[in-house]
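Residue numbers (my numbering): 547 to 870.
We put the beta carbon where it would ideally sit given N, CA and C, even for glycine.
What you are looking at is a predicted structure, and each value in this text was computed from that prediction instead of being measured.
Structure, as structure tokens:
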């Protein structure tokens, strides 16, 4: 240290100058501490900057560098292997996992870990579809089945991803493992059934149109009979051949029309229902129509047509016809 008044060199333990008696100021010691403090601040600031940089790299730069996958570009539409009938085309809409792997993970080995990560990731993609009228709809994780579709139907398809934090964390983990990020913005696009049928070379079979209500009306097959509870409506027993099919009604109480193929083998039924079938009053008007559930007939190529049949209840003279 040096005396500020006379310039003599001072020993470290001297509190005053031996020559002029001037007190040794404390600012020298404070100055040293100040320099140390500034250095510490610089070190702390550098560490903090490095930490911020690391955070930016992990959460900003890496996601930007990682390929962003738009899985909506890799939708597959497959059709059931059974004969496809117009008006009842059935199949599945799914995300093609192999297309995703080939596009974004072409340099990765086709290991079980990669395949498993892709499967776990795509599981959380929900596929929703609806037809133009919004009457035919469906939803499923990664794939969704559809049915009762016509070749001219255009389905609106949307892919969505979960908002729950737990599921989002699982998705983020799989993305990190694969080195890709998923574009999770809702994607809506159209699926034209005719285009996929053409691409896959699928020819539709023409269904057999059956207007069973018209046949019942023309042949006056609805009748009223007496039951324990009063008057009841039923359909008379009949057998009719339409094309290769044979239609039979063999139960007055339960108006179900059984369908047999050309070999005489039963394979489906057409279910009918009355607007009211029991506790009837003479002169009352009721209707007979197809039941809502005729899925078996549709799947077997039977296309039901026709309008409901109106019937006026009569007062029968005959007793209960019984079950045939």
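Alpha carbon of residue i to alpha carbon of residue j, nearest angstrom
| i | j | result |
| --- | --- | --- |
| residue 756 | residue 835 | 13 Å |
| residue 855 | residue 828 | 17 Å |
| residue 665 | residue 714 | 15 Å |
| residue 725 | residue 613 | 7 Å |
| residue 833 | residue 764 | 15 Å |
| residue 647 | residue 794 | 54 Å |
| residue 626 | residue 672 | 21 Å |
| residue 610 | residue 629 | Reliability of the predicted coordinates at residue 610 is poor, the pLDDT of 47 falling under 50, and the value obtained from them is presented with this limitation in mind. Whole-angstrom Cα-Cα distance: 48 Å. |
| residue 644 | residue 683 | 26 Å |
| residue 785 | residue 635 | 30 Å |
| residue 821 | residue 860 | 16 Å |
| residue 776 | residue 849 | 35 Å |
| residue 619 | residue 746 | 18 Å |
| residue 816 | residue 712 | 48 Å |
| residue 788 | residue 845 | 18 Å |
| residue 730 | residue 624 | 24 Å |
| residue 797 | residue 803 | 9 Å |
| residue 709 | residue 748 | 39 Å |
| residue 716 | residue 663 | 10 Å |
| residue 767 | residue 685 | 43 Å |
| residue 515 | residue 862 | Residue 515 lies beyond the residue range present for the chain, which begins at 547 and ends at 870; the question has no answer from this structure. |
| residue 843 | residue 719 | 48 Å |
| residue 813 | residue 652 | 49 Å |
| residue 738 | residue 806 | 35 Å |
| residue 574 | residue 558 | Legend: pLDDT at residue 574 = 45, less than 50; position of this residue unreliable, value from coordinates given subsequently. Each residue's Cα considered, the two are about 11 Å apart. |
| residue 743 | residue 792 | 31 Å |
| residue 564 | residue 571 | 14 Å |
| residue 680 | residue 774 | 45 Å |
Proximity to residue i [Cα-Cα], best of the options
| i | options | result |
| --- | --- | --- |
| residue 830 | 770, 808, 747 | 770 |
| residue 728 | 650, 559, 685, 849 | 650 |
| residue 772 | 824, 748, 705 | 824 |
| residue 638 | 747, 558, 802, 695 | 695 |
| residue 667 | 648, 678, 641 | 641 |
| residue 616 | 693, 792, 735, 814 | 735 |
| residue 659 | 737, 722, 570 | 722 |
| residue 621 | 570, 661, 688, 847 | 688 |
| residue 858 | 778, 774, 839, 570 | 778 |
Test item: CB-CB of residue i and residue j under 8 Å
| i | j | result |
| --- | --- | --- |
| residue 759 | residue 852 | yes |
| residue 762 | residue 733 | no |
| residue 826 | residue 631 | no |
| residue 808 | residue 790 | yes |
| residue 780 | residue 753 | no |
| residue 740 | residue 697 | yes |
| residue 556 | residue 549 | yes |
| residue 568 | residue 562 | yes |
Contact belief for residue i with residue j at Cβ below 8 Å, rounded distance in angstroms
| i | j | result |
| --- | --- | --- |
| residue 690 | residue 669 | Actually they are not in contact, since the Cβ atoms of residue 690 and residue 669 sit about 13 Å apart, beyond 8 Å. |
| residue 819 | residue 841 | The Cβ separation is near 15 Å, so there is no contact. |
| residue 678 | residue 703 | Not a contact, Cβ separation roughly 13 Å. |
heavy atom of the ligand ATP below 7 Å from residue i C-beta
| i | result |
| --- | --- |
| residue 641 | This structure simply doesn't include the ligand ATP, nor any ligand for that matter. |
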